[in-house]
Amino acid sequence: MTAADVNSSTPNWSALIFRTLSVISKPSLLEDADTAKKAEALRGLYTLWYAAGTSLGILPALPGQQKDVLPHFAIDLPLTGTAAIKDGRLGYTNKTLTWQNTEQSLLPTAPGRILAPSTVGQVVSAVKAAAASGENVRCIGHGNSWTPVFFDAGATVIFTAELLLPSGKRIELIGSDADGSPLVRIAPGVQAGELSQWTDDNAVLLNYSALPAQVATTMPRMAGAISTGSHGKGLGFGAIADFVHSIKIVNGAGEVIEYTASHPLFNEARFNFGLMGIIVEIVFAFSSRTQYPDLPFVYDNNTFPTLREVFGRPDAAAYIKAQTPHFDGSKWDPLDDKLWITAATRAAIPSDGTQPKKFNNDALSKPNLALNAATYLGWLIAEIAQQTGDLDLQVLSASVQVVLLQNVVVKSGLKTLPSQIHYQPGLQQDHIYDFELCFKVSEDFQNVVDAWNAAVSIAKDIIVQYGSNALNVAVEWRFTGGSSVTLEGNHGEPDDIYCWIDVLGNVWTPHWDEFVKRVFDAWTVISPDSPPKPHWAKWNALTEEQLLHSGQGVPQTYWETYVKKVMDPQIAAFRPAVAAADPAGVFRNEYLDNLLGIGQA
Ligand SMILES: Cc1cc2nc3c(=O)[nH]c(=O)nc-3n(C[C@H](O)[C@H](O)[C@H](O)COP(=O)(O)OP(=O)(O)OC[C@H]3O[C@@H](n4cnc5c(N)ncnc54)[C@H](O)[C@@H]3O)c2cc1C
1 MTAADVNSST
11 PNWSALIFRT
21 LSVISKPSLL
31 EDADTAKKAE
41 ALRGLYTLWY
51 AAGTSLGILP
61 ALPGQQKDVL
71 PHFAIDLPLT
81 GTAAIKDGRL
91 GYTNKTLTWQ
101 NTEQSLLPTA
111 PGRILAPSTV
121 GQVVSAVKAA
131 AASGENVRCI
141 GHGNSWTPVF
151 FDAGATVIFT
161 AELLLPSGKR
171 IELIGSDADG
181 SPLVRIAPGV
191 QAGELSQWTD
201 DNAVLLNYSA
211 LPAQVATTMP
221 RMAGAISTGS
231 HGKGLGFGAI
241 ADFVHSIKIV
251 NGAGEVIEYT
261 ASHPLFNEAR
271 FNFGLMGIIV
281 EIVFAFSSRT
291 QYPDLPFVYD
301 NNTFPTLREV
311 FGRPDAAAYI
321 KAQTPHFDGS
331 KWDPLDDKLW
341 ITAATRAAIP
351 SDGTQPKKFN
361 NDALSKPNLA
371 LNAATYLGWL
381 IAEIAQQTGD
391 LDLQVLSASV
401 QVVLLQNVVV
411 KSGLKTLPSQ
421 IHYQPGLQQD
431 HIYDFELCFK
441 VSEDFQNVVD
451 AWNAAVSIAK
461 DIIVQYGSNA
471 LNVAVEWRFT
481 GGSSVTLEGN
491 HGEPDDIYCW
501 IDVLGNVWTP
511 HWDEFVKRVF
521 DAWTVISPDS
531 PPKPHWAKWN
541 ALTEEQLLHS
551 GQGVPQTYWE
561 TYVKKVMDPQ
571 IAAFRPAVAA
581 ADPAGVFRNE
591 YLDNLLGIGQ
601 A
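Counting in full-length UniProt numbering, the final residue of the sequence shown is number 601, and the numbers go up one at a time with none missing.
Written out as structure tokens, the structure reads:
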């Protein structure tokens, strides 16, 4: 499927209007736990907004806009197992069933078959059948990645969301390792929020230990999170995959292989983009308590200084260095001059019986009616402000976001680790672009301060040039230690300091691709001796073919050339593991083949 296919099709407006109205008129819509339905309704609203706006001449026509994907509520899928496919966006493009990533940034792709197994036996059979008929097999987690790490047209697509452990459970404590860290076995489809909830619910049993590295959002499935090299925050901690104690993967021959620390391919298997097979089981070592024996909780301090008060100081780098290890910055955009800093420090169990704030997955993933409505309205207004190109409206929208954050959403105080980790509410309801690189932080912290300032100043240049703010969600950074996992962007020693810095904007943000290219160009020359490396899930291809809503993308080779260069030794070390696990190429994907040189001699 190409951009031309999508562009040339004519939307069925009456069907779209009817379906959108029928969804949004249901009183239960906003209370409904099925966020996919609400997202569909919202997308319907967006589409109607664009339709009205373009026909009235208020809005410019958007290049590559996906016009004809209708909401889907009763698709008759050739499923095995019982899972409902709620991950990503299933829909129809030119009357063909297609799937698109959750953030809707990639072009829809037509799968061959879709399977949703509930047992490992079904996974093994599916792989063997595909291998015998020469088909490709690829998995989908929650579809949260921006990078085209999914499947090529015609592949068999496997959702492992509802695969269970042999015990019939999704999560179970199975003992502890030599350091006393609890070992927690999970099914691959367990979501980040689900694991965090289980952790807090079993805090006493776990002696207040938790998974130290975890994504901020609650939605990703843990197999997807480690398969993209995703990370959390906190010095001394690597990426999420560093906490994989063992992992079971169905390889290209349909065999279930268990990789443990003694296996020669352990550091490749822990993060492999699904190229070594289908993950059916993961055991994590929850080592936060072993690393901080007396400090199981976190004190979370949120402040909202101005940009000038932090990054405008003559001693900005030294100031920020002094505040690390637990300094996270999140700035909503260059229009309001406000930073959001969440500084988390480790804390002991209070002797006066004070209870920490616990994680509440329902509150974050299925917010109450008022918060839900407010979040939707907020994103809708932000998008509309963006599309009108009215800078005043954009400033207003940015300021309201900060006021809400400051006064309603963000609360400082004593928290459990899961509660502090998932610090950004409403993340699952947005549609955003995200571009992230990982810097090895220089001794004086100057390189990451330069990177931050470059992003903000480029955003300001874009405003001056086009009158529109591309950086309309945030520039944010998080600090971690180094990782021992082969393909990670923070591959290095545990005590090294790495900074993951990203820029975020709403989808359909005008000039986003140009903004990101300029940021990329600026960031990649800041540390010539130690160039920044990719966060693979947020490595937008930014081509007209692959990035749906932007039209001015540079050729994909522009980005790939850089990644191939800076990751060359790591990619070279990774490739043999794929050859060993999948010599016939059952799990291949064209994008990854090219990027990583898979299948090349
Ligand atoms: C709002 C938002 C916030 C985010 N915050 C963070 C953050 O804080 N930190 C961070 O590092 N990243 C973050 N990300 C990126 C995100 O963590 C990754 O995109 C995500 O973890 C991938 O998980 P997923 O379940 O969505 O997997 P998908 O995106 O669906 O898939 C990712 C890869 O995993 C493979 N895969 C999935 N399941 C299996 C399986 N069973 N076996 C083999 N391969 C499999 C897929 O084939 C694919 O290659 C964020 C993304 C969003 C949308």
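Glycine included, C-beta positions come from ideal geometry on N, C-alpha and C.
Please say whether residue j and residue i have beta carbons closer to each other than 9 Å?
| i | j | result |
| --- | --- | --- |
| Lys-415 | Pro-350 | no |
| Ile-458 | Phe-515 | yes |
| Ser-483 | Ala-241 | yes |
| Ile-278 | Val-403 | no |
| Asp-434 | Asp-502 | yes |
| Asn-136 | Ala-130 | yes |
| residue 643 | Phe-151 | The requested residue 643 does not occur in the structure, where the chain is confined to residues 1 to 601. |
| Arg-221 | Ala-161 | yes |
| Trp-500 | Leu-437 | yes |
| Gln-394 | Asn-469 | yes |
| Val-280 | Ala-187 | yes |
| Ala-474 | Trp-523 | no |
Given this structure, state the Cα-to-Cα distance separating residue i from residue j, to the nearest angstrom.
| i | j | result |
| --- | --- | --- |
| Val-513 | Pro-531 | For the sequence presented, residue 513 should be read as Asp rather than Val. Asp-513 and Pro-531: Cα-Cα distance of roughly 21 Å. |
| Lys-169 | Ile-282 | 13 Å |
| Val-400 | Tyr-292 | 38 Å |
| Gln-104 | Thr-98 | 12 Å |
| Ala-210 | Leu-417 | 7 Å |
| Gln-600 | Ser-181 | 40 Å |
| Phe-574 | Ala-385 | 45 Å |
| Lys-517 | Gln-191 | 32 Å |
| Asp-294 | Thr-96 | 57 Å |
| Ala-153 | Arg-588 | 12 Å |
| residue 613 | Ile-463 | A question about residue 613 goes unanswered here, because the residues of the chain that appear run from 1 up to 601. |
| Lys-460 | Asp-337 | 11 Å |
| Leu-396 | Ile-381 | 10 Å |
Please state whether DSSP places residue i in a helix, a strand or coil.
| i | result |
| --- | --- |
| Asp-362 | helix |
| Arg-575 | helix |
| residue 602 | With the chain represented from 1 up to 601, any question about residue 602 goes unanswered, as that position is not in the structure. |
| Trp-146 | coil |
| Asn-594 | helix |
| Tyr-208 | coil |
| Gln-214 | coil |
| Ser-246 | strand |
| Ser-176 | strand |
| Pro-182 | strand |
| Ala-223 | helix |
| Gln-323 | helix |
| Ser-483 | strand |
| Lys-415 | strand |
| Arg-518 | helix |
| Lys-67 | Any reading at Lys-67 needs caution, since the residue's pLDDT is 34, under 50, leaving its predicted position unreliable; the model's value is listed next. Lys-67: coil per DSSP, three-state reduction. |
Report the residue from the options whose alpha carbon sits nearest the alpha carbon of residue i.
| i | options | result |
| --- | --- | --- |
| Glu-560 | Ile-320, Thr-147 and Phe-159 | Thr-147 |
| Phe-359 | Leu-90, Ala-187, Trp-198 and Pro-188 | Trp-198 |
| Met-276 | Leu-173, Val-250 and Lys-233 | Val-250 |
| Pro-334 | Leu-471, Ala-537 and Trp-539 | Leu-471 |
| Arg-346 | Glu-268, Pro-314 and Lys-233 | Lys-233 |
| Ser-288 | Ala-579, Leu-235, Ile-247 and Phe-435 | Leu-235 |
| Gly-467 | Asp-392, Asp-362, Gly-121 and Ala-322 | Asp-392 |
| Ala-322 | Val-475, Phe-445 and Gly-175 | Phe-445 |
| Thr-486 | Ala-454, Asn-594, Gly-353 and Thr-228 | Thr-228 |
| Gly-505 | Val-448, Ser-419 and Trp-332 | Trp-332 |
| Pro-264 | Val-280, Gly-274 and Ser-246 | Ser-246 |
| Pro-576 | Val-525, Asn-447 and Gly-597 | Gly-597 |
| Tyr-183 | Thr-290, Phe-520 and Val-149 | What sits at residue 183 in the sequence shown is Leu, not Tyr. Minimum Cα distance to Leu-183 is reached at Thr-290. |
| Gln-214 | Thr-480, Asp-337, Asp-495 and Ser-176 | Thr-480 |
| Thr-303 | Glu-268, Gly-413 and Val-280 | Gly-413 |
| Gly-189 | Phe-520, Gly-143 and Tyr-591 | Gly-143 |
| Ser-230 | Ser-145, Asp-177, Leu-206 and Val-256 | Ser-145 |
| Pro-212 | Ser-133, Glu-268 and Ala-344 | Ala-344 |
Around the C-beta of residue i, are 16 or more other C-beta atoms found within 10 angstroms, so that it is buried, or is it exposed?
| i | result |
| --- | --- |
| Ala-363 | exposed |
| Gly-88 | buried |
| Thr-156 | buried |
| Ala-581 | buried |
| Leu-195 | buried |
| Ala-537 | buried |
| Arg-270 | buried |
| Pro-314 | exposed |
| Lys-533 | buried |
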